[in-house]
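Each remark here refers to the structure printed beneath this line.
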Amino acid sequence: MHDLPALMALLAGALAVTAVSRRTGISAPLALVVVGLAVSSIPGVPDYTIDPDLVLLVILPPLLYSAALNSSTIGIRANLRPIGLLAFGLVLFSTAVAGVLAWWLVPGMPLGVALVLGAVIAPPDAVAATSIGRRLGLPRKIMTVLSGESLVNDATALTAYRVAVAAVIGTGYSLLAGVGLFLLAAVGGAVIGYAIGWVVHRVRRLLRDDMLESAVGLIVPFFAYLVAEEVHASGVLAVVVAGLYLGHRAPSGSAATRLQDRAVWNAADTLLEAVVFALIGLQLRSVLESVSTDFGPLVVAGLVLTAGMVLARGAWVFLVMYLPEILRRRSPDWRHKVIVSWAGMRGVVSLAAASAIPTATLAGEPFPHRNEVLFLTFFVTLATLLLHGTTLPWLIGLLGVRGTEDYTDALAEAEAQHNAARAAQERLDELTAEAEPPGDVAERLRRAAQQRSNRAWERLGRSADEVGESPTAAYRRLRGEMLAAERAVFVQFRDDRRIDDEVLRRVMHQLDLEELWLSRD
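Have a look at this one:
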């Protein structure tokens, strides 16, 4: 797809569906897939066949990087065992299960090709699952495990995919060579990502220019991915590790850079995720056209593969992750395991990998059963998105799984705010002892520090319905109305040509920052 009008139509349509979904409370990923399926059947609609280079080089790196920036390095370290078992162990187990099933189900499909298919459909894409989880308030540990899995599992699957494809086309890899390639990709990607994160963090601190710092941050995911892939390491792991490093050290940067980065990456996530899920639905026509054989046996094979992937994830979660915890006499919540086992939606990375399969072997012969692999990949991706996406919210409600972190977070924040306010006032006392500032500056600063501490403690009290509007809420409401009145005056002055647009933008930026400060939780 290289037609510019078609690309613009895709971007505009995907954002429009996302906007409607958010207004109506519908899951945006599912809505985009369904609308994409419907649009693909309309005569005259351009062919939106997925370009694997576009997905793997342009879409995947920024999505992974943004997710890594917003992930908790401490939380991931605390959950390394479940994340590792899902991102490495489950992906390889799913590859083997899917490979054996496909070899058995599709007449004439060699085991090597079946394993290529297995590697393609092995990694779940947790974007849809985590978006549902955030909306329904899943516990933080589940969200950490799912997001941690999605950050790493693509690297495992793509490495297994490379080994399987090389074996089929004739390059050839022994089991030992395959293990060596996997270790090289994993270790090399992690080292490269850490090195790039370390260098970029120090370069950004030297720049001391928030615009340049944000601009440098924009190229990090693409640079990390390309450097790692160039030396045959995992570009996915390089991007993830660089993002985790820079996200963990973001508090040492400037406030302006953090505000800009947050706005830029939130907007990029919204656009890229909308395009990704729309593209999944739009593949229907091209996938159907690629298969010239009877669809019946392939549909049956797709149903069995989908069931196999669902059962494989459930068996792995409960037998490999849950049972050992019980045997060690721990008391894990089985409901959490059910949620994790049911969050197995496949995504666009699977479709991109399937589309990237070579058309011919080194001997010049066509890649065996390539079209069948593409069809089954699309079938499993679509089936898992619709199955899990429509039932996961119902399952979460049925099990009553809800996060309990709100109160504990508020308590921890109140304690930290109290200590921070005390430290700020002590520092102010030290400074005013040396030279007293003019007017009532010192007193205003003390009141501001105390108000920040009070706001955190107010969140621990009874609700507004019980005690009425809190002083902080009243302040926010009244100051918000005052800001609106100030904006109206500045806009009127601009319209009357009494101030220039540049002056208006500068003043509006200051007012916007204050409004953002007022609206924070």
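Numbering (my numbering), first residue to last: 8 to 528.
C-beta: ideal position from N, C-alpha, C; glycine also.
### Query
In terms of residues, what are the limits of the alpha helix (DSSP H) holding residue 379?
377-406
### Task
May I ask you to report which of helix, strand or coil DSSP gives residue 367?
strand
### Query
Around the Cβ of residue 308, are there at least 16 other Cβ atoms within 10 angstroms (buried) or fewer (exposed)?
buried
### In DSSP terms, what residue 373 is bridged to
367
### Query
Where does residue 112 land, buried or exposed, given buried means 16+ other C-beta within 10 angstroms?
buried
#### Entry: Residues near residue 73 in its chain [Cβ-Cβ closer than 7 Å; skip 5 each side]
272, 275 and 276
### Task
In angstroms with no decimal places, state the Cα-to-Cα distance between residue 8 and residue 285.
Note on residue 8: pLDDT 48, under 50, position unreliable in the model; no value is reported.
### Message
Runs of 4 residues minimum, wholly inside the region 323-369: which ones carry the alpha helix (DSSP H) assignment?
### Response
330-334, 341-348 and 355-362
### Query
What residues in its chain sit with their C-beta under 8 Å from that of residue 538, if we drop five residues either side in the sequence?
Here the chain comprises residues numbered 8 to 528, so residue 538 is not present and cannot be evaluated.
### Task
Can you have a look at residue 386 and say buried or exposed, based on whether 16 or more other CB atoms are within 10 angstroms of its CB?
buried
### Message
Tell me the DSSP secondary structure of residue 220 in three-state form.
### Response
helix
### Message
I need the straight-line Cα distance from residue 105 to residue 360, nearest angstrom please.
### Response
15 Å
### Query
Going by the beta-carbon positions, is the gap between residue 352 and residue 89 smaller than 8 Å?
no
### Complete runs of the alpha helix (DSSP H) confined to the region 147-211 [at least 4 residues]
147-176
### Query
Taking just the CA atoms, how far does residue 506 sit from residue 485?
27 Å
#### Entry: When 68, 264 and 365 are compared against residue 244, the one with the closest alpha-carbon
68
### Query
What are the complete alpha helix (DSSP H) segments, minimum 4 residues, inside the region 41-129?
67-76, 80-85, 87-91, 98-112 and 118-128
### Query
In terms of residues, what are the limits of the alpha helix (DSSP H) holding residue 276?
262-289
### Query
What are the start and end residues of the alpha helix (DSSP H) that includes residue 21?
11-31
### Task
With a threshold of 16 other CB atoms inside 10 Å of the CB of residue 260, please say whether the residue is buried or exposed.
buried
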